[in-house]
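Working notes, structure below.
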Amino acid sequence: MRNAWYIAAREFRATVSSPMGWGVLAAFLMVTGFFFAAMVGFYVEETASMGMNPYVDQPFDLNEYLVAPFFSNTALILLFLCPALSMRLFAEDRKTQSLELLLTAPVRTSDIVLGKYLGGMGFVLLVLLCTAHYPLVLFIYGSPDLSVVLSGYMATILLTGSFMALGTLASACTESQVLAMIASFAALLVIWVASWAEPSSGGAWWAAVLAHLSLLNHFDQMTKGIIRLEDLVYYLSFIGFFLFATWQRVEAFRWR
Amino acid sequence: MSGVIEVEKLEKRYGLIQAVSGLSFQVQPGEVVGFLGPNGAGKSTTMRILAGSLGATAGVARVAGFDVFEAPEEAKLRLGYLPEVPPLYGEMTTRDYLAFAARVKGVRQPGEAVERVMGQVGVQSVSERLIGHLSKGYRQRVGLGQALVHDPEVLILDEPMSGLDPAQQAEIRGLIQSLAEGQRTIILSTHSLAQVEAICQRAIIINAGQIVADLPLDKADLASGTVNVHVERLETTLIEGLKALDGVSDVRTAGENRLKVEVCRDVRGAIATVAAPYGLLELAGRERLESIYLKVTSGRTVGEA
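Just so you know, the protein sequences line up as chains A and B, in that order.
In this text, residue positions in the first sequence follow the numbering used here: the first is 3, and each later residue adds one.
In this text, residue positions in the second sequence follow the numbering used here: the first is 40, and each later residue adds one.
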């Protein structure tokens with residue numbers, strides 16, 4: 003496990019010192035900042051006009067109209083950006099042949115995979131930390147529910163953890179970072195919207211299975227502050243499955 | 040079975056291609072072995088299997104008594120490996136990189152190990168520079184540094200001098216020679232027969248995945264050999280000086296500014312010292328290895344030693 007931390011720390015520093023890392027962070031903050039400002043503006047305008055409506059006696063719920071959509075938007079942006087962060091984890095090392103250092107060091111394959119994954123996740127957490135000022139603004143000017151904000155962050159961390167796990171596998175499957183990014187983005191998008199098949203399927207069993215596998219379905223409840231065991235199990239199994247597959251993939255380098 | 044490296048009937052197949060077929064050899068502690076063979080002969084494959092980054096289709100490989108497939112971590116603790124392309128991270132400084140290598144190789148005191156190895160491979164002057172900005176020679180040194188950082192018993196070097204300019208080659212060769220002076224076992228692959236002759240005590244020649252020759256290159260081998268010397272100015276004082284050397288039986292001129300020196304043991308160092316003031320251009324020992332190499336890699340098998 004100690005080796006996994008060494009590898010994770012190195013990966014994190016490599017991402018921090020790469021233009022890709024900063025590019026992703028800048029793009030992310032720009033887009034989330036724009037979304038947040040637009041949403042707040044819309045919310046304020048709607049609340050003001052509703053205040054004059056004699057039939058509405060309660061203002062819009064801040065949690066429902068601002069906090070949950072904020073996390074949904076953040077998740078969507080991360081769906082695009084996580085593949086750009088995960089693509090280099092193994093593909094770059096394979097291309098430059100620096101993976102030989104780890105493969106010939108007395109380190110378990112599981113530590114290599116875990117280290118790479120945790121290093122990538124470390125940067126994702128840094129990215130998420132940079133969004134902390136958005137809810138802070140809401141706390142200063144309004145009174146959102148802290149538990150909803152926290153469960154929103156938990157949902158986002160689990161979701162991005164899933165993105166990065168799948169991305170790690172894609173990165174281990176090719177030497178081309180671009181291919182790894184495209185493959186993981188395409189796969190994530192399909193899993194993201196897997197539930198869309200349900201309404202048109204006429205209640206077929208496979209559509210129900212797909213809906214259950216959808217990353218989106220499990221996310222929505224949690225951003226509303228509802229933490230269900232099945233959602234936690236889903237995300238942890240998703241991450242576990244893809245890390246296990248990556249482990250097998252890296253083991254296969256030695257047994258090909 | 041007492042070799043520090045033991046390879047028995049090693050096989051490696053890539054799909055339909057048989058890269059290594061039934062390779063068996065042993066290397067004794069402290070031995071410096073040159074791995075020779077044409078491109079695609081299976082040298083790198085064998086080295087990667089020993090280093091643990093590649094699996095084998097069949098056979099056994101042991102490093103310091105530990106099976107590289109059954110007890111890979113134990114074997115890797117005792118082995119340093121420099122692949123043909125050094126496994127470097129361009130965005131790290133030399134010091135950080137070596138410290139990282141030390142940690143993942145289980146070194147207890149990484150700071151001390153890094154200082155030691157930087158001195159050993161001569162990279163102190165670039166310790167704070169990014170590896171991506173280093174010259175090829177320095178990168179090769181840093182690569183050698185990661186192979187040495189955990190002070191392994193066995194060192195496996197895959198073409199450590201390829202792509203370097205002659206001065207850098209000489210530097211790396213000197214470095215390997217200094218490493219060989221300890222009780223370290225070294226296997227190195229190269230295309231330069233002269234380097235094998237200069238550094239190694241034994242040459243294993245591989246062709247098409249099989250050992251086609253296994254020759255000792257010990258100094259006794261030079262008994263009654265001929266050393267060719269090429270200088271800028273051939274003067275009688277030089278001939279007299281060479282004749283006076285202990286171990287030299289005869290000196291003959293062989294063309295313009297060239298001499299053939301008959302020796303009964305390895306006195307190339309002494310010959311170089313005497314010939315240096317006359318502008319020593321070339322000093323070549325036996326041509327024996329080259330002729331054997333060409334013979335065995337062209338298809339015929341020479342009996343294994």
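Every residue gets a Cβ at the ideal spot worked out from N, C-alpha and C, and that includes glycine.
- Taking C-beta atoms under 8 Å as the contact rule, glutamate 192 of chain B and arginine 241 of chain B fail to qualify, at a distance of about 17 Å.
- Contact of glutamate 130 of chain B with chain A by beta-carbon distance below 9 Å involves Arg15, Ala16, Ser19, Ser20.
- The beta carbon of alanine 213 of chain A sits closer than 8 Å to the beta carbons of Ala196, Ser197, Ala199, Glu200, Asn219 from its chain, once the five residues preceding and following it are set aside; these are given in chain order.
- Closest option to isoleucine 44 of chain B, judged by alpha-carbon separation, among B:Ala100, B:Lys51, B:Arg87, B:Val59: B:Ala100.
- Taken in chain order, the members of the segment 92 to 116 of chain A whose beta-carbon sits within less than 8 Å of a beta-carbon on chain B are Thr98, Gln99, Ser100, Leu101, Glu102, Leu103, Leu104, Leu105, Thr106, Ala107, Pro108, Val109, Arg110.
- Residue contact check for glycine 308 of chain B against chain A: no CB pair falls below 7 Å.
- Counted as a single uninterrupted DSSP element, the alpha helix (DSSP H) harbouring serine 186 of chain A occupies residues 179 to 194.
- Methionine 3 of chain A counts as exposed, since fewer than 16 other beta carbons sit within 10 angstroms of its beta carbon.
- The DSSP assignment places 275 to 282 as complete runs of the alpha helix (DSSP H) inside the segment 260 to 292 of chain B, in order along the chain (cut-off: 4 residues).
- Contact between the segment 279 to 295 of chain B and the segment 305 to 314 of chain B is present: 3 or more CB-CB pairs across the two stretches fall below 8 Å.
- At least one beta carbon of chain A lies nearer than 7 Å to the beta carbon of proline 126 of chain B.
- With contacts defined as CB atoms closer than 7 Å, phenylalanine 14 of chain A and phenylalanine 125 of chain A qualify as a contacting pair.
- Annotation: Cβ neighbours of glycine 91 of chain B in chain A (cutoff 8 Å, chain order): Leu105, Thr106, Arg256.
- Within 10 angstroms of the beta-carbon of phenylalanine 74 of chain B lie 16 or more other beta-carbons, which makes it buried.
- For arginine 12 of chain A, at least one C-beta of chain B is nearer than 7 Å to its own C-beta.
- Close partners of tyrosine 177 of chain B in chain A (Cβ separation under 9 Å) are lacking, with about 16 Å as the shortest Cβ gap.
- Assigned with DSSP and collapsed to three states, alanine 77 of chain A falls in helix.
- By the C-beta criterion, the segment 214 to 225 of chain B is judged not to be in contact with the segment 139 to 158 of chain B, since fewer than 3 inter-stretch pairs fall below 8 Å.
- Taking all protein chains shown into account, lysine 48 of chain B has fewer than 16 neighbouring C-beta atoms within 10 Å of its C-beta and is therefore exposed.
- When the Cα atoms are used, serine 60 of chain B and leucine 215 of chain A turn out to be separated by approximately 47 Å.
- Shown here for arginine 272 of chain B: same chain residues with a beta carbon closer than 8 Å to its own, the five before and five after excluded, namely Asn296, Tyr317, Gly318 in chain order.
- One Cα belongs to threonine 106 of chain A, the other to proline 146 of chain A, and the distance between them is close to 52 Å.
- The residues Gly42, in chain order, have a CB closer than 6 Å to that of glutamine 67 of chain B in the same chain once the five nearest residues on each side in sequence are set aside.
- Within chain B, the residues whose beta carbon sits less than 7 Å from that of tyrosine 8 of chain A are Phe139, Arg142, Val143, listed in sequence order.
- Here arginine 291 of chain B is exposed. Its C-beta has fewer than 16 other C-beta atoms within 10 Å.
- Taking 8 Å as the upper bound on Cβ-Cβ separation, chain A lies near residues Gln185 of the segment 174 to 207 of chain B.
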